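Protein chains: 2
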Amino acid sequence: MNIIISNSSDIPIFKQIKNALKEAICTGVLQENEALPSVRTLANDLKISFLTVKRAYDELETEGFIKTIPGKGSFIAPRNMELIREEKLKEIQDLIEQIYKISKIANIEEQEIKEIFQIIFEEE
Amino acid sequence: MNIIISNSSDIPIFKQIKNALKEAICTGVLQENEALPSVRTLANDLKISFLTVKRAYDELETEGFIKTIPGKGSFIAPRNMELIREEKLKEIQDLIEQIYKISKIANIEEQEIKEIFQIIFEEE
DNA sequence: TAACTGTTATATAATCAATGTAACAGTGAG
DNA sequence: CTCACTGTTACATTGATTATATAACAGTTA
C-alpha cells in the first residue's frame with residue numbers, strides 16, 4: 000500500500016489518510032480482512048505522530064470501514080465496497096445540490112452546466 | 000437587505016456574509032453603486048464584531064465586488080453580475096471535477112450521476 | 001519474557017475564526 | 001469648526017481544530 004500525504008494541503012493529514020485508505024479499498028489494493036499497517040508503523044513511514052494515524056483509524060472504524068482489535072491490529076471490514084459506494088454517492092449528491100444552489104443564485108442555465116459536465120467527463 | 004447568519008454553521012461567519020452579499024447583488028436586491036451598511040451598523044444588526052464584517056468587506060473588495068472609501072462607506076462595484084457569474088461558473092467547474100474524481104475512485108457510472116443530476120434539477 | 005499490537009493521559013504548539021477595546025483619520029451636515 | 005458618522009489600525013484574548021511529543025498501561029503472540 001502506498002500513501003502520499005502533504006502537510007501543505009489544506010486538508011488535514013488525518014483526513015488525507017482516511018481518503019487514501021478508502022481509495023485503496025475501492026481499487027482492491029486492500030482486501031477484506033486484510034491487516035492495515037500498525038499505527039506506529041504507518042506513522043513512522045509518513046513521518047508523523049502515531050496519534051494522527053490513530054485518529055484516522057478511529058474515525059474509519061466509527062464509519063464501519065475497518066475493525067480494530069487491541070493488541071492485534073486493524074483490519075479491513077467486510078462489505079466495504081458497498082459502504083464506500085453508498086458514501087460516495089451521497090457525496091456526489093451533496094455536490095450536485097451545491098451546484099444547483101449556485102446555479103439558482105447566479106442565474107446559470109442547466110444546459111450550460113451540462114456542457115461543462117460533458118467536457119470534464121469526456122476527457123479520457 | 001436581509002442577511003441571516005448562523006454561528007452553528009461550519010461556514011465561517013465572514014464567509015456567510017460574503018455569500019449573502021453576492022447573492023443580494025445577483026438577485027438585484029443590491030444595485031450598482033448602492034451603499035452597503037457600515038461595518039459597525041451591520042455588526043450591530045448581526046450582533047457580531049465589526050472586525051468580522053470588515054474582513055468580509057475587505058475580501059469582497061479584493062475580489063472586485065465592492066469599493067470602500069475611508070470616511071464614506073462601502074459601495075457595490077459596477078459590472079458585478081458578470082464578475083459573479085464568472086466566479087460561480089468556476090465554482091461549478093471545480094465541483095464537477097470533484098464529482099469526476101469521486102466517480103473514478105468509487106467506480107460510479109456517468110449515467111448514474113446524470114440521473115441524480117436530473118432528480119435534483121427537476122424539482123421545482 | 002520480549003516485542004509487537006492498541007489505549008490512554010497530559011502537555012504543548014500552531015493556525016484560524018472571532019471578539020473586545022482603544023485610538024486614529026477621512027467625510028459631511030449643521 | 002464641531003460632531004457624528006464613516007473606515008483603519010494595533011493589541012490582546014478566546015476557543016476550536018490539527019498535530020505533536022512523551023510516558024505509561026494493557027492485550028497478543030512467538
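Going down the list, the protein sequences come from chains C and W.
Going by numbering that gives the first Met the number 0, the first sequence opens with residue 0, and the numbers climb by one from there.
Going by numbering that gives the first Met the number 0, the second sequence opens with residue 0, and the numbers climb by one from there.
Glycine residues also receive a C-beta, built at the ideal position from the N, C-alpha and C atoms.
Fair warning: this is a prediction, and the values are worked out from it, not measured in the lab.
Think of a sphere of 7 Å around the beta carbon of Ala105 (chain W): the chain C residues whose beta carbon falls inside it are Cys25, Ile83, Arg84, Lys87, in chain order. Contact note: Phe13 (chain W) does not reach chain C at a C-beta cutoff of 9 Å; the least C-beta distance is about 17 Å. The straight-line gap separating the alpha-carbon atoms of Phe120 (chain W) and Ile118 (chain C) is approximately 19 Å. Listed along the chain, the chain W residues whose CB falls inside 7 Å of the CB of Gln92 (chain C) are Ile115.
Following the DSSP letters along the chain, one finds Ser73 (chain C) inside the beta strand (DSSP E) bounded by residues 72 to 75.
Looking only at W:Lys100, W:Lys46, W:Glu62, the smallest Cα-Cα distance to Glu85 (chain W) is reached by W:Glu62.
With a 10 Å radius around the Cβ and a threshold of 16 neighbouring Cβ atoms, Thr51 (chain C) comes out buried.
Bounds of the beta strand (DSSP E) holding Ile65 (chain W) are 65 to 68. Pairing Glu60 (chain C) with Leu82 (chain C), the inter-Cα distance amounts to about 12 Å. In the DSSP annotation of this structure, the continuous segment of the alpha helix (DSSP H) that includes Arg39 (chain W) starts and ends at 38 to 45. For Glu96 (chain W), the chain C residues whose Cβ falls inside 7 Å of its Cβ are Ile119, in order along the chain. If you compare the alpha carbons of W:Ser7, W:Ile104, W:Ile16 with that of Glu58 (chain W), the shortest gap goes to W:Ile16.
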